[in-house]
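Asker: Chains as they are written, first to last, in this note's numbering: chain A, 2 to 230; chain B, 4 to 754; chain C, -2 to 82; chain D, -2 to 82. Even for Gly, the Cβ is constructed at its ideal location relative to N, Cα and C. Computed from a prediction, not measured in an experiment: that's the story for all the values here.
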Amino acid sequence: MRTAVLVFPGSNCDVDCYKAIEQTLGTPVEYVWHQETSLDGFDLILVPGGFSYGDYLRCGAIARFAPVMDAVKVAVERGAFVLGVCNGFQILLESGLLPGAMRKNTSLKFICQPQMLRVARNDLAFTAEYAVGEEINVPIAHGEGNYYCDEATLEELKANNQIVFTYAGTNPNGSVADIAGITNKQGNVVGMMPHPERAVSELLGSDGGKRMFTSVLNAWRERNGAVIG
Amino acid sequence: MAQSSVKSNAAKEPTAAQIAEQKIYRQMGVTEAEYELICGFLGRNPNYVEIGVFSVMWSEHCSYKNSKPVLRKFPVTGPRVLMGPGEGAGIVDIGDNQAVVFKIESHNHPSAIEPFQGAATGVGGIIRDIFSMGSRPIALMNSLRFGRLESERVKYLFEHVVSGIAGYGNCIGIPTVGGEVVFDEAYEGNPLVNAMCIGLINHDQIQRGVAKGVGNPVYYVGPATGRDGIHGATFASEELTAESEAKRPAVQVGDPFMEKLCLEACLELIASGNLVGIQDMGAAGLTCSSAEMAAKAGNGIELYLDEVPQRETGMTPYEMMLSESQERMLFVCTPEQEEAATAIFDRWGIICKKVGKVTDDGRLRLFHKGEQVADMPVQELTEACPTYNKPSKVPAYYEANASVDTTRYEEPADLQAVLEKLLDVPSIASKEWVYNQYDYMVRTGTVIGPGSDAAVVHVPGTRKALATSTDCNGRYVYLDPEMGGRIAVAEAARNVVCSGAEPLAITDNLNFGSPDKPEIFWQLTTSVDGMAEACRVLETPVIGGNVSLYNENTKGAIYPTPVIGMVGLIHDLDHITSQGFKAEGDAIFLIGETNVEFGGSEYQASIFNVVEGRPPVIDLAVEKTMQNALLGSIQAGLVQSAHDLSEGGLGVALAESCISGKRGASVSIESTLRADAVLYSESQSRVLVSTTQANAAAFAEAIGKAGVPIAQIGTVTGETLNVSINGASKIAAQVSKLQQIWKDAIPCRMA
Amino acid sequence: MLKAIVYVTIKENVLDPQGSAVQGALHKLGFPEANHVRIGKYMEITLDTNNEQEAAAKVQVMCEKLLANTVVEDYRFELVQTVEA
Amino acid sequence: MLKAIVYVTIKENVLDPQGSAVQGALHKLGFPEANHVRIGKYMEITLDTNNEQEAAAKVQVMCEKLLANTVVEDYRFELVQTVEA
Ligand SMILES: Nc1ncnc2c1ncn2[C@@H]1O[C@H](COP(=O)(O)OP(=O)(O)O)[C@@H](O)[C@H]1O
Ligand SMILES: [Mg+2]
């Protein structure tokens, strides 16, 4: 499995995503500059957190126009796995790959803290190794994670089972229906505010996010009938 | 251009003769004697640009004219020190060809006026100091002081300083892993905002800001220059008055996104080897960076000011030289390196423009619109500012405090109520409200984030980690600068030791009132004596720092607050220790000796509403022995948790270890001292430690053998904190209840 | 030259955390009469053109593509003539 | 009822990082004619009062104390009559 970590001006968690793949999977991983126009040959695409373009105007609004985002659309079409974390989730929303939009946290403050999430479905490449209803510790760190979509879209998300993670306990940011992460209809694109790449080792406080990476590797193996990767 | 055109101000500038006759230099903070010196160096009267450049280079902020004689007292060398004070930041070896780079800096005055931008640009400035050395910044710390959390203005300052720090650090993607916040009337109207940055570097990547190689081009990097913060450097060296309020445009706006790009591009440039020297444009922008780079190489520099990228129209040479627009750097390379160097900045989309060249005449020459507009000798600009040995006088309050009996307070009947009250004091209470706004986890290296004695950050690719803490108890320093200075260093070292680290070195930020007042100058020199002594005994040299004077408001000076930023080395990840109790049944020890010491304590201030007498006494040799013994035990794997005793004494330390560990404790102490002293005295060199039962005996023996007093005082158990003294129960409180008080104190006041 | 003045506001039926927070703060400051607060963006874009029609078409595209996120925001704009500096 | 419309803009000579970033994005999007972008805030505050003079005085205080950061921002406002909903 080849992984691409996209790098936009202002990406910060690109390094963390890269390290997470390197340390938990040991599979090939490369940084891909926002000016690149092709993601051919990549099986997993990580859209990292950070403050692309300073998050000026709206989070993710400017990054969405980077040439590499056209390549992401092509990759999504061919079924590549795409995971957008935090700012990456915001970019996926702005580019229309996932439905909805982000607002400022209700507290209007940036919030960084350990966070319990509830896994809503485990029939996805990214969540196969979790149990439905399982609670995992995956930290959050964002100022605009207050997910919004209108009633109709919410109904559709529910009907299509597109909600992947919800916040357990107190909702930290005010998101609609306690949503922490969603997927597209095909299930190959996941966007989430919490940072699984920060939760891959007990040394850093939690390994609750690790199975997202091992899950997707397994899914890739199954898909490709490969033994190694 | 759409911008409304601003007519050149050059026509309005006073002439050299007018500057001399009307003594205009005095408005710039240049004394008559200094002016005469400058005239001598130039062989004529300086024009407006020249006097402007001299005035910032000779301001306290850049020249340390009032503090240099004091700073000479610090020990600045040691076996691990690779670079001491003098460059942007100091550097300490951590083995394997790696080194740690760190420095602290203040942004007190700008933050008092515009707290968000003041704090944000403070963070931006210190980050540039670190990466301009060639180092990758890996952590930020901050040390803050505000007035009491009661008035709307203090809440406003607190709220916006914190969000300014968060706004900058989060956006640039460097974790803010710790710091300290203290609220005290002494800082009303004059908050302190000190930011520290820590970076990693390989020995062979260390950069120096030198303009070597006559004929080499000089490049400007970063956003265009505007009229931001002109005269910011002199501004930082003045007292806050209604008049300085009127100088508001002196506040600069930070752009962390731009700095992120600048950081990545500069590190890429350095890794590529395509440069000769690089320096950030900090205080006094283009002036300071160009003069210092030339001076360090023994060369001169010519600048062609028409080439300087400008954000506004009609900027004068004076404005360009003195602008403090943020996120800018200056570098020198060879003509052969130019193409590769500029290509890097192109890729990152950052302005990179040739603005001058290195010369052999030792002069800073400025050209504008085809004319030479200034010509000054660089050594004189950077080195020749006179230093002043200010008069010093022991203040009356200090003499008077000698006879204050700090044991005369009547012991309160309910010592649990005292604990609850102390946990509700904002300076002691949980700082979660603050640090949850900081991304303290980005870069996935934070092993211990905010909330323990020291923060711990992993050194990637190794088994090593760095521990860091900032500390200063201004009340102690006020009551006894020498003792307070010692304690500040000792406490910072103790915090770092408690996390399992060997203290390496310090950076310091000397926040004081006006040195023109002999009593304040006495505080400054005396506290530095104490700090220097502690640095010698604890073997933690000073590798850099910052001086912020004139921290006064209408009510007088702040408490003297020399903030210490300590960095320690954890040799193996297994040694990392935190303050929370770890497991049911663990043994709890108190090491160190307790005396009745209430002077300057939180107990004295919060329960008896006075700050008087003498602060606790510290014996540095005892401290050193204790730290060595404790660190040895931690490294030997004997220790489960360690927490140093500081504000609020044993009572607060016990509560904090319980809260952090989400566990109770049963403690019983035999003592000849009064019970309130057992619980709330702030005697130094003490640490609360827990060990497994299996290791208890070995730990007690190891500490005892070193000659350090030690007592097993209880065990970790249940969900309540129970403390009895000489058989009488003094505290029996649910940990959850204590936690509630401690956690709610700040949010409730801010709601 | 023309200047486009663009107003971007959060849609009426979307809960606006910033507006609510400011309203709360105004009440605390002693202004109970502030009973509904909406916060949006105000942008000024100077355009190197004098052709109003063309400019209007372009600004419309800018708004749709970048300046507003029409999932949650509404926008409107005006064009004004500015005097050459 | 009255509605206060408040415009908060960054002072002329103060850096507007947001405006610069948006300007850069507009250029890349194919709008080179967008040559100067400044971004400010636009606020609507409904006021439970009909007394214009009083309202104006109050909105002025709101701006000074809360809505604008007068160190780096300018503000102006208008009052408009609204029909009771
Ligand atoms: N309190 C202090 N203790 C030790 N060194 C200091 C102190 N204050 C300043 N220095 C050192 O003096 C040198 C000049 O400082 P400064 O002018 O602040 O550097 P910069 O130009 O990066 O702002 C630096 O190396 C700094 O570390
Ligand atoms: Mg401590």
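Taking the continuous beta strand (DSSP E) assigned at Thr167 (chain A), which residues delimit it?
Answerer: Here residue 167 (chain A) refers to the residue found at position 166 when the first sequence is read from its first residue. That run of the beta strand (DSSP E) goes 164 to 168.
Asker: By Cβ distance, which residues of its chain are closer than 7 Å to Val73 (chain B), with the 5 residues on each side in sequence left out?
Answerer: Residue numbering aside, residue 73 (chain B) sits at position 70 when the second sequence is read from its first letter. Closer than 7 Å at the Cβ level, and outside the excluded window around Val73 (chain B), lie Leu527, Thr528, Val531.
Asker: Compare the C-beta of Tyr168 (chain A) with all C-beta atoms of chain C and state if any pair is closer than 8 Å.
Answerer: Translated into positions along the first sequence, residue 168 (chain A) becomes position 167. No, because no Cβ of chain C sits closer than 8 Å to the Cβ of Tyr168 (chain A).
Asker: In chain B, what lies closer than 8 Å to Ala18 (chain D) by C-beta?
Answerer: The residue you call residue 18 (chain D) lines up with position 21 of the fourth sequence. Per Cβ cutoff of 8 Å: Phe260.
Asker: Identify the continuous beta strand (DSSP E) that holds Leu541 (chain B) and give its terminal residues.
Answerer: Residue numbering aside, residue 541 (chain B) sits at position 538 when the second sequence is read from its first letter. Leu541 (chain B) -> not in any beta strand (DSSP E); alpha helix (DSSP H) instead, spanning 521 to 541.
Asker: How should Asp417 (chain B) be labelled, buried or exposed, when 16 other C-beta atoms within 10 angstroms of its C-beta is the threshold for buried?
Answerer: Walking along the second sequence from the start, residue 417 (chain B) turns up at place 414. Exposed is the call here.
Asker: In the DSSP assignment, what are the bridge partners of Val30 (chain A)?
Answerer: Against the first sequence, residue 30 (chain A) aligns to sequence position 29. For Val30 (chain A), which the question treats as bridged, DSSP gives the partners A:Thr4.
Asker: Does any residue of chain A have a CB that is nearer than 8 Å to the CB of Leu63 (chain D)?
Answerer: In the fourth sequence, counting from the first residue as 1, residue 63 (chain D) sits at position 66. Output row for Leu63 (chain D): interface = no.
Asker: Determine the chain D residues that contact Val335 (chain B) at a beta-carbon separation under 8 Å, and present them in chain order.
Answerer: As a first step, residue 335 (chain B) must be located in the second sequence, where it is residue number 332. Within 8 Å Cβ-Cβ: nothing; Val335 (chain B) doesn't reach chain D, min ~26 Å.
Asker: Could you name the residues of the same chain whose beta carbon sits closer than 7 Å to that of Ala236 (chain B), not counting the 5 residues immediately before and after it, in chain order?
Answerer: Position 233 of the second sequence, counted from the first residue, corresponds to residue 236 (chain B). Unreliable positioning characterises Ala236 (chain B) in this predicted model, as indicated by a pLDDT of 44, which lies under 50. A coordinate reading is not provided.
Asker: Could you tell me if Ala54 (chain C) is buried or exposed, where buried requires 16 or more neighbouring beta carbons within 10 angstroms of its beta carbon?
Answerer: Position 57 of the third sequence, counting from 1, holds the residue named residue 54 (chain C). Exposed, since its Cβ has fewer than 16 Cβ neighbours within 10 Å.
Asker: On the three-state DSSP scale, how would you describe Arg466 (chain B)?
Answerer: Here residue 466 (chain B) corresponds to residue number 463 of the second sequence, with the count starting at 1. Looking at Arg466 (chain B) - three-state DSSP - the assignment turns out to be coil, as it is neither helix nor strand.
Asker: If we cut at 8 Å on Cβ distances, does Glu156 (chain A) have a partner in chain C?
Answerer: As a working note, residue 156 (chain A) is residue 155 in the first sequence. So no, Glu156 (chain A) is outside the interface.
Asker: What residue range does the alpha helix (DSSP H) around Asp71 (chain C) cover?
Answerer: If you number the third sequence from 1, residue 71 (chain C) lands on position 74. Per DSSP, Asp71 (chain C) belongs to no alpha helix (DSSP H); it is in the beta strand (DSSP E), 70 to 78.
Asker: For His574 (chain B), which three-state DSSP category applies?
Answerer: Counted from its first residue, the second sequence places residue 574 (chain B) at position 571. Looking at His574 (chain B) - three-state DSSP - the assignment turns out to be coil, as it is neither helix nor strand.
Asker: Are the C-beta atoms of Asp231 (chain B) and some chain D residue less than 8 Å apart?
Answerer: Residue numbering aside, residue 231 (chain B) sits at position 228 when the second sequence is read from its first letter. So, interface residue.
Asker: Assuming Asp258 (chain B) and Leu12 (chain D) make a contact with CB atoms under 8 Å, what is their CB distance in whole Å?
Answerer: For the purposes of this step, residue 258 (chain B) is identified with residue 255 of the second sequence, where counting begins at 1. For the purposes of this step, residue 12 (chain D) is identified with residue 15 of the fourth sequence, where counting begins at 1. Indeed, because the Cβ distance is near 7 Å, the residues count as touching under 8 Å.
Asker: Give, in chain order, every residue of the segment 38 to 55 of chain C whose Cβ lies closer than 7 Å to some Cβ of chain D.
Answerer: Taking 7 Å as the Cβ-Cβ cut-off against chain D, the residues of the segment 38 to 55 of chain C that qualify are Lys38, Tyr39, Met40, Glu41, Ile42, Thr43, Leu44, Asp45, Thr46, Lys55.
Asker: Answer yes or no: do Gly210 (chain A) and Ala200 (chain A) have a C-beta to C-beta separation smaller than 8 Å?
Answerer: Numbered from 1 along the first sequence, position 209 holds the residue referred to as residue 210 (chain A). Numbered from 1 along the first sequence, position 199 holds the residue referred to as residue 200 (chain A). Closer than 8 Å, so yes.
Asker: When you compare the CB positions of Glu136 (chain A) and Ala169 (chain A), do they come within less than 8 Å of one another, or not?
Answerer: The residue you call residue 136 (chain A) lines up with position 135 of the first sequence. The residue you call residue 169 (chain A) lines up with position 168 of the first sequence. Result yes, Cβ atoms of Glu136 (chain A) and Ala169 (chain A) sit closer than 8 Å.
Asker: Give the interface partners of Thr6 (chain C) over in chain E, defined as CB-CB distance under 8 Å, in chain order.
Answerer: Among the chains of the structure shown, chain E does not appear; the protein chains present are A, B, C and D.
Asker: Please check if any C-beta of chain C sits within less than 8 Å of the C-beta of Val34 (chain D).
Answerer: As a first step, residue 34 (chain D) must be located in the fourth sequence, where it is residue number 37. Answer yes: the Cβ-Cβ gap between Val34 (chain D) and chain C drops below 8 Å somewhere.
Asker: Can you tell which of A:Met103, A:Arg222, A:Val48, A:Thr154 has the C-alpha that lies nearest to the C-alpha of Val190 (chain A)?
Answerer: Residue mapping note: residue 190 (chain A) aligns to position 189 of the first sequence, counting from 1. Measuring from the Cα of Val190 (chain A), the nearest candidate turns out to be A:Val48.
Asker: Identify whether Tyr131 (chain A) lies in helix, strand or coil by the three-state DSSP scheme.
Answerer: Within the first sequence, the letter at position 130 stands for residue 131 (chain A). In this structure, Tyr131 (chain A) counts as coil in the three-state DSSP scheme.
Asker: Can you tell me whether Tyr400 (chain B) is buried or exposed? The criterion is at least 16 other CB atoms within 10 Å of its CB, across all chains shown.
Answerer: Your numbering for residue 400 (chain B) matches position 397 in the second sequence. Under this definition Tyr400 (chain B) is an exposed residue.
Asker: Check each residue of the segment 291 to 318 of chain B: if its Cβ is closer than 8 Å to any Cβ of chain D, include it; give the result in chain order.
Answerer: So the list reads Arg314, Glu315, given in the order they occur along the chain.
Asker: Tell me, please, whether the CB atom of Asn106 (chain A) is closer than 8 Å to any CB atom in chain C?
Answerer: Here residue 106 (chain A) corresponds to residue number 105 of the first sequence, with the count starting at 1. Yes, because at least one Cβ of chain C sits closer than 8 Å to the Cβ of Asn106 (chain A).
Asker: Does DSSP put His371 (chain B) in a helix, a strand or coil?
Answerer: Counted from its first residue, the second sequence places residue 371 (chain B) at position 368. Three-state DSSP puts His371 (chain B) in a strand.
Asker: Run down chain A in chain order and give the residues with a C-beta less than 9 Å from the C-beta of Gln57 (chain C).
Answerer: The sequence position of residue 57 (chain C) within the third sequence is 60, counting from 1. In chain order: nothing, as chain A lies at least about 17 Å away.
Asker: Ala18 (chain D) and Leu76 (chain D) - do their beta-carbons sit closer together than 8 Å?
Answerer: Residue mapping note: residue 76 (chain D) aligns to position 79 of the fourth sequence, counting from 1. Residue mapping note: residue 18 (chain D) aligns to position 21 of the fourth sequence, counting from 1. Contact: no.
Asker: Taking the alpha helix (DSSP H) that Val58 (chain C) falls in, what are its first and last residues?
Answerer: Within the third sequence, the letter at position 61 stands for residue 58 (chain C). Run containing Val58 (chain C): 49 to 59, per the alpha helix (DSSP H) assignment.
Asker: Which stretch, first to last residue, makes up the beta strand (DSSP E) that contains Met40 (chain D)?
Answerer: Residue mapping note: residue 40 (chain D) aligns to position 43 of the fourth sequence, counting from 1. Element bounds for Met40 (chain D): 31 to 44.
Asker: Flag Asn66 (chain D) as yes if its beta-carbon sits less than 8 Å from any beta-carbon of chain C, otherwise no.
Answerer: Here residue 66 (chain D) refers to the residue found at position 69 of the fourth sequence. No - not a single Cβ of chain C is within 8 Å of the one on Asn66 (chain D).
Asker: What residue range does the beta strand (DSSP E) around Phe242 (chain A) cover?
Answerer: Outside the shown range of chain A (2 to 230) lies residue 242 (chain A), about which nothing can therefore be said.
Asker: Just checking my contact of Ala227 (chain B) with Pro312 (chain B) at CB under 8 Å: how many whole Å lie between their CB atoms?
Answerer: Along the second sequence, one-based indexing puts residue 227 (chain B) at 224. Along the second sequence, one-based indexing puts residue 312 (chain B) at 309. With a Cβ gap of about 4 Å, Ala227 (chain B) and Pro312 (chain B) count as contacting.
Asker: Cα separation between Gln375 (chain B) and Arg368 (chain B)?
Answerer: As a working mapping, residue 375 (chain B) is identified with position 372 in the second sequence. As a working mapping, residue 368 (chain B) is identified with position 365 in the second sequence. So the two alpha carbons sit approximately 7 Å from each other.
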